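Just below is one structure, and these are the notes that go with it.
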Amino acid sequence: QVQLVESGGGLVQPGGSLRLSCAASLSRFDLYAVAWYRQVPGNERELVARISSEGTYFYGDSVKGRFTISRDNAKNTAYLQMSGLIPEDTAVYFCSAQRRLTTYIIWGQGAQVTVSS
């Protein structure tokens, strides 16, 4: 059963913007923290941004001021708005969800983002 589905990836020029969406088929989505990670082949998965069930935020240093994470619990969807994209942002972006007071993490299948002229 697919529980997280990312969409919105693609090819964008440097300086451009993209918005990734993470649609969740989860009961009580509002109780989940949602995070976006990214991974380049050969590298470890990097935490990009996280929003807790209480609405607190975390951003990785490399994306602060450029990326914004948000969620719409009524739509069971989380978003990652990416602006000022640079080639170093090229990666597969994964959405994850972790229910409050649990350790199990649910992952999406990933969405490719390529920043290139």
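Quick note: to get this note's numbering, add 6 to the position in the sequence shown (first position is 1).
Glycine included, each C-beta is placed from N, C-alpha and C at the ideal position.
All of these numbers come straight from a predicted model, not from anything done at the bench.
What first and last residue would you give for the beta strand (DSSP E) that runs through residue i?
i	result
alanine 80	That residue, alanine 80, is in no beta strand (DSSP E); it is neither H nor E in DSSP.
glutamine 45	38-45
glycine 16	16-18
glutamate 52	52-57
glutamine 118	117-121
arginine 25	24-30
leucine 107	Unbroken run through leucine 107: none, as it is neither H nor E.
glutamate 12	10-13
phenylalanine 64	63-65
Sorted by chain position, which residues of the same chain lie with C-beta nearer than 7 angstroms to residue i's C-beta, five sequence neighbours on each side aside?
i	result
leucine 32	Gln9, Tyr38, Asn82, Ala103
threonine 109	none
List the whole-angstrom C-beta distance separating residue i from residue j, where the pair is believed to meet the contact cut-off of C-beta under 8 angstroms.
i	j	result
glycine 14	alanine 117	7 angstroms
phenylalanine 73	leucine 86	6 angstroms
glycine 21	glycine 90	6 angstroms
serine 59	arginine 106	5 angstroms
glutamate 12	leucine 26	6 angstroms
With a CB to CB cut of under 8 angstroms and the five nearest residues on each side skipped, what residues in its chain are close to residue i?
i	result
arginine 44	Arg51, Glu52, Val54, Asp95, Ala97, Val98, Tyr99, Phe100, Val119
proline 93	Pro20, Val121, Ser122
aspartate 36	Ser59, Asn79
isoleucine 111	Ser102, Ala103, Gln104
Does DSSP classify residue i as helix, strand or coil?
i	result
glutamate 94	helix
Residues in the same chain with beta-carbon distance under 6 angstroms from residue i, minus the five sequence neighbours each way, listed in chain order, please.
i	result
valine 46	Ala97
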